[in-house]
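In my numbering, the protein residues as written are 12 to 322.
Worksheet: one structure, shown below.
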């Protein structure tokens, strides 16, 4: 907080004094300088590596600031300060054009994050740049607007926006495979972690599509499905030919995933005493192990019998 207070002062000696004594700063420090239109301090802070984010931009464009255009706003826009989520992106674009400030990737990213395809179109037709991160941001799943990712990705693809594995990773986290299929069919490369991403979030449709179309995966994907208690993903992996191991059953038992433990065991996954030991912290899983012949330590069996007696 001391650095935040010093950032409001025009005399840089105070902020320098505090930093020389390792006084902590944060994004709010830049916001403090920017909110007071203290360009000298903001410039110094950024040159010294002080972080900034949408809070800085919000401080500049706050309703309390009625003297736009402002030096700090120009500096922030010229140097790629992230926009605040509540910013009117089109208004910012208009201001930048009027001030002859080149549009930056920060503007494009803000347009994508706005979840508004018309805003994105306006920004790109106004000359804002785009790169592989643009498609990656667009492909992220938005629960409130489930079809938004595909609409944005289709538009970006039509505009020649480049993409890479990050787009596939983002699309793999969707509950449906539409976005993933769109990207894959148009040449977006598989990543080594796409299947893992799908399993980790329980996106069984994406996982099924990925495995059916050559996406690489390893045992870590199977463990992710079990750890996240997704029997649907575990089934997809099993039908795709994944190899069972005792560690898969152990992971399911440790995660208290009875459905995964049942599916794995019923479809040939081996188990041993380590599985029942992992299950002993979870009564339903331990009960399943005991009832279906999993090896159990005598001490664990005593605990199990005690639980039954108490019930």
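Backbone N, C-alpha and C define an ideal beta-carbon position, used for all residues, glycine too.
Within its chain, find whatever has a CB closer than 6 Å to the CB of residue i; leave out the 5 residues flanking it on each side and keep chain order.
| i | result |
| --- | --- |
| residue 62 | 38 |
| residue 66 | 38, 42 |
| residue 133 | 101 |
| residue 261 | 285, 286, 289 |
| residue 238 | 262, 266 |
Alpha helix (DSSP H) containing residue i: first to last residue?
| i | result |
| --- | --- |
| residue 172 | Segment: none, residue 172 is in no alpha helix (DSSP H) and carries neither H nor E. |
| residue 87 | 82–89 |
| residue 134 | 128–136 |
| residue 141 | Where residue 141 is concerned, there is no enclosing alpha helix (DSSP H), given that its DSSP letter is neither H nor E. |
| residue 124 | 116–124 |
Using 10 angstroms around the beta-carbon of residue i, count the other beta-carbons present and answer buried if the total reaches 16, otherwise exposed.
| i | result |
| --- | --- |
| residue 306 | exposed |
| residue 80 | Only weak support is given to the placement of residue 80: the predicted model assigns it a pLDDT of 44, under 50, and the value that follows is read from those uncertain coordinates. Classification for residue 80: exposed. |
| residue 68 | buried |
| residue 200 | exposed |
| residue 16 | exposed |
| residue 320 | exposed |
Using a threshold of 8 Å, state whether the C-beta atoms of residue i and residue j are closer than that.
| i | j | result |
| --- | --- | --- |
| residue 166 | residue 197 | no |
| residue 26 | residue 46 | no |
| residue 85 | residue 118 | no |
| residue 263 | residue 275 | yes |
| residue 218 | residue 206 | yes |
| residue 178 | residue 150 | yes |
| residue 89 | residue 48 | no |
By Cβ distance below 7 Å, which residues in the same chain neighbour residue i in space, the five residues on each side in sequence not counted?
| i | result |
| --- | --- |
| residue 224 | 195 |
| residue 40 | 14, 15, 18, 56, 61 |
By Cβ distance below 8 Å, which residues in the same chain neighbour residue i in space, the five residues on each side in sequence not counted?
| i | result |
| --- | --- |
| residue 31 | none |
| residue 2 | With the chain covering 12 to 322 only, the question about residue 2 has no answer from this structure. |
*Entirely within the stretch 198–279 and at least 4 residues each: give me those alpha helix (DSSP H) ranges in chain order.*
205–212, 215–223, 230–238, 242–250, 257–265, 269–277
*asked:* Which runs of the alpha helix (DSSP H) at least 4 residues long sit entirely within the stretch 45–78? Give them in chain order.
replied: Taking 4 residues as the shortest admissible run, the stretch 45–78 contains the following complete alpha helix (DSSP H) segments, listed from N- to C-terminal end: 50–58, 65–71.
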